[in-house]
Amino acid sequence: MDLKTAANLIRSEYAARCAKAEEAYRRLLLTSDALYEAEKAVRAATLDGKSAKEIKSLEAKKAEILGKLGRKESEFSPAPRCKICGDSGYTSNGFCECVRRRASRETQGKALPAFSFSNCDASYFGDDVPMLENAYGTMKIFCNKFPTTKNLNILLFGSVGTGKTCLAAAVGNELEKRGYSVVFLTAFRFNDTCLKYHTSFEANRADMLNALIDSDLLIIDDLGTESILKNVTLEYLYTVVNERMNLGKHTLITTNLIPEQLEARYGERTFSRLFTQRVCLSVALQGEDLRKRK
Ligand SMILES: [Zn+2]
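Just so you know, my numbering puts the end of the sequence shown at 294, numbered straight through with nothing missing.
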């Protein structure tokens, strides 16, 4: 979802909550003459430009009547979900962070898997605890330095069951908590989104790809398990990640494949642009530490 649509969604949801609360208050007014009179007095005083002190005392009287009815004023003036923009979607710097988060959530179609660094401990997985702890430490440093990290791309590799997805999701959740937008999707879903973009004639088709390019962090889970679609799989992986790199944005990829297999599958051009040591930090979760090999 693009940012403008997400901002509209946030605004209209807040407007709907306010309208619902207003309607509830209007109905309550019809059930209590005392409240009706108190409300009328507050409005009249405001319109007549009475002193703040007078208005305050009339409001206190109204609150007291509400209290006797077992209700609270706050029920009828819902607080915005975002304290930064008040659910307007905008700040003086443009779109609010809540809009970016919302847009990425709508794009993934699901929230990030609920893993964090604390509930996704390295010692749960595999036998090679020092290597896993090292991987966790590396990713924690990555989060702390984000977005000014040395490498734009991260490759997390290890075979099935080594906790790659868990660690990737922990990174995503940590960065979301810090206000960055994160899009998390499987390689299958990534491939599918690119195919839809590639074959779409819709006027707003660019939004599909922009959602992948705009986020602060893109996580592609399990690269190498998707099928290779002609003119799509290899081309769009390169296009999306390369475009993100041009914008200085980070991409985290998890995979079962070792670098040699990645190069064979995605080609030399993609490999050397996206995955070489110059731009990509490789983090092994199992087996020989491939960073030491070259
Ligand atoms: Zn906001």
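Using N, Cα and C, we set each Cβ at its ideal position, and we do this for glycine too.
These numbers come from a predicted model, not from an experiment.
{"Asked": "Give me every residue whose Cβ sits closer than 6 Å to any heavy atom of ligand 1, in chain order.", "Found": "Cys82, Ile84, Cys85, Cys96 and Cys98"}
{"Asked": "Three or more C-beta pairs under 8 Å: does that hold for the segment 190-208 against the segment 160-175?", "Found": "no"}
{"Asked": "Which value, in whole angstroms, describes the spacing of the CA atoms of Ser51 and Ala44?", "Found": "12 Å"}
{"Asked": "Below 8 Å on the Cβ atoms is my contact criterion, and I expect Val241 with Thr233 to pass it. Report the Cβ-Cβ distance as a whole number of Å.", "Found": "Between Thr233 and Val241 the Cβ distance is about 13 Å, and since that is not below 8 Å, they are no contact."}
{"Asked": "Go through the segment 199-267 residue by residue and report every complete run of the alpha helix (DSSP H) that reaches 4 residues or more, in order.", "Found": "206-214, 233-246 and 259-266"}
{"Asked": "Could you have a look at Cys194 and say whether DSSP puts it in helix, strand or coil?", "Found": "helix"}
{"Asked": "For Arg100, which residues of its own chain have a beta-carbon under 6 Å away from its beta-carbon, when the five flanking residues on both sides are left out?", "Found": "Ser181"}
{"Asked": "Tell me the DSSP bridge mates of Gly94?", "Found": "Thr91"}
{"Asked": "Which residue or residues does DSSP assign as beta-bridge partners of Ala52?", "Found": "Partner(s): none; Ala52 has no beta bridge."}
{"Asked": "Quick check: the Cα distance between Ala21 and Glu75, rounded to an integer number of angstroms?", "Found": "7 Å"}
{"Asked": "Taking the CB atoms as reference points, tell me whether Tyr14 and Pro80 lie closer together than 7 Å.", "Found": "yes"}
{"Asked": "Could you check what DSSP says for Leu274 in three-state terms: helix, strand or coil?", "Found": "helix"}
{"Asked": "Can you tell me whether Ala79 is helix, strand or coil according to DSSP?", "Found": "coil"}
{"Asked": "In this structure, how does DSSP classify Val160 when only helix, strand and coil are distinguished?", "Found": "coil"}
{"Asked": "Can you check whether the CB of Phe115 is closer than 7 Å to the CB of Ala169?", "Found": "yes"}
{"Asked": "Along the chain, where does the beta strand (DSSP E) containing Leu152 start, and where does it finish?", "Found": "No beta strand (DSSP E) contains Leu152, which DSSP labels as neither H nor E."}
{"Asked": "By how many angstroms is the C-alpha of Leu167 removed from the C-alpha of Arg244?", "Found": "22 Å"}
{"Asked": "Any chance the segment 158-167 sits against the segment 201-216, with 3 or more Cβ pairs inside 8 Å?", "Found": "no"}
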